[in-house]
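Novice:
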């Protein structure tokens, strides 16, 4: 009962820690599955898990002052500073330092200020099309900018979307009073297909998603591989093999291990002990 109450309390809060743990669990399961299916290497699966966790924190960038907002825009600022340093490499160290400082300030504070002025918490950012937009955008960036294989890039993008949607689902669960069996006023503000209060923004998101899909690398055989019965059967055998490697599994193995131990004991102890026991 105490564990159930604790779970209900966590779902009711749906705070940063809850979203972080939820995204980590979902991402670990999804990335581990792609590895078992033979679609990713262990290193690629680890990156996929990390990207899924990041995706699980992204929706709250529309909450001014939240931990995800600070983390995301700090990362943007660092990236902007790095790009500024590379762009001014021929101008000398003093100008590079100034450009890095300006890039960080614009990315960390300027962009955050603009974004905060254009968005509201639980607004358009908390929606399924934005989740898809983030995933497709990442897949394109990985495939085009750092030459990642298209299949791997799409799986990484899919993990971002999965983490994002997991966040939205947790928000919706937090909108349900599970103890009082009633809906809170926030129900329906997270897992949605757009914003009625921001129809122009919704249209722009769908237009951007369509545009990105038109230039995205083809997923090739990925849909068929994800639904391949042979791959899923091999994954199931691999999971069973992990458990079969335990030293004792089931009654048969217990009896075999017991018999082996008894045989070893008889071979190491003096025979007189056993002869005395049998005579008694």
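In the numbering used here, the protein residues as written are 1349 to 1628.
We put the CB at the ideal spot given by N, CA and C, even for glycine.
Decide if residue 1502 is buried, meaning its Cβ has at least 16 other Cβ atoms within 10 Å, or exposed.
Specialist: buried
Novice: Please classify residue 1504 as buried or exposed, where buried requires at least 16 other C-beta atoms within 10 Å of its C-beta.
Specialist: buried
Novice: Should residue 1548 be labelled buried (16 or more other beta-carbon atoms within 10 Å of its own) or exposed?
Specialist: exposed
Novice: Report the residue from 1427, 1371, 1496 whose alpha carbon sits nearest the alpha carbon of residue 1407.
Specialist: 1371
Novice: Rounding to the nearest angstrom, what Cα-Cα distance links residue 1395 and residue 1368 in this structure?
Specialist: 16 angstroms
Novice: Give the secondary structure of residue 1575 by DSSP, where H, G and I count as helix, E and B as strand, and everything else as coil.
Specialist: If DSSP states are grouped into helix, strand and coil, residue 1575 belongs with coil.
Novice: In three-state DSSP terms, what is residue 1475?
Specialist: coil
Novice: Out of 1590, 1514, 1589, 1583, point me to the one whose CA is closest to residue 1381's CA.
Specialist: For residue 1381, the closest C-alpha among the options 1590, 1514, 1589, 1583 is that of 1583.
Novice: Where residue 1379 and residue 1569 are concerned, what is the direct C-alpha to C-alpha distance, given to the nearest angstrom?
Specialist: 18 angstroms
Novice: Just the Cα atoms here: how many angstroms apart are residue 1365 and residue 1417?
Specialist: 14 angstroms
Novice: What does the Cβ neighbour count give for residue 1400, buried or exposed, with the cut at 16 atoms within 10 Å?
Specialist: buried
Novice: With distances taken from CA atoms, which of 1485, 1576, 1434, 1449 is nearest residue 1507?
Specialist: 1485
Novice: Might you give, ordered along the chain, the residues of its own chain that have their beta carbon closer than 7 angstroms to the beta carbon of residue 1431, omitting 5 neighbours on each side?
Specialist: 1451
Novice: If you drop the 5 nearest sequence neighbours on each side, which residues of the same chain put their C-beta closer than 6 angstroms to that of residue 1392?
Specialist: 1500
Novice: Taking 6 angstroms as the limit between beta carbons, can you name the residues of its chain near residue 1385, skipping five residues before and five after?
Specialist: 1579, 1583
Novice: Is residue 1480 buried or exposed, if buried means 16 or more other CB atoms sit within 10 Å of its CB?
Specialist: With a threshold of 16 other beta carbon atoms within 10 Å, residue 1480 meets it and is buried.
Novice: Just mark residue 1512 as buried or exposed, buried being the case when its beta carbon has 16 or more other beta carbons within 10 Å.
Specialist: buried
Novice: Ordered along the chain, which non-local residues of its own chain (more than five positions away) have a Cβ less than 7 angstroms from that of residue 1390?
Specialist: Same-chain partners within the cutoff: 1383.
Novice: Run the CB neighbour count on residue 1475, radius 10 Å, all protein chains shown included, and call it buried at 16 or more, exposed below.
Specialist: buried
Novice: Please state whether the Cβ-Cβ distance between residue 1448 and residue 1429 is less than 8 angstroms.
Specialist: yes
Novice: Tell me, to the nearest whole angstrom, how far the beta carbon of residue 1427 is from that of residue 1455; I am working on the premise that it is less than 8 angstroms.
Specialist: 7 angstroms
Novice: Roughly how many angstroms lie between the CA atoms of residue 1587 and residue 1559, to the nearest whole one?
Specialist: In a straight line, the C-alpha of residue 1587 is about 40 angstroms away from that of residue 1559.
Novice: On a CA-only basis, which of 1460, 1572, 1550, 1551 is nearest residue 1419? Give me that one, please.
Specialist: 1460
Novice: For the putative contact between residue 1478 and residue 1553, defined by C-beta atoms under 8 angstroms, what is the C-beta separation to the nearest angstrom?
Specialist: 6 angstroms
Novice: In three-state terms, what does DSSP make of residue 1406?
Specialist: In the structure shown, residue 1406 sits in a helix (DSSP, three-state: H, G or I).
Novice: Under 8 angstroms by Cβ, that's how I've got residue 1487 and residue 1555 pegged, so tell me the actual separation to the nearest angstrom.
Specialist: Wrong, their Cβ atoms sit about 18 angstroms apart, outside the cutoff.
Novice: Pick helix, strand or coil for residue 1497, following the three-state DSSP scheme.
Specialist: coil
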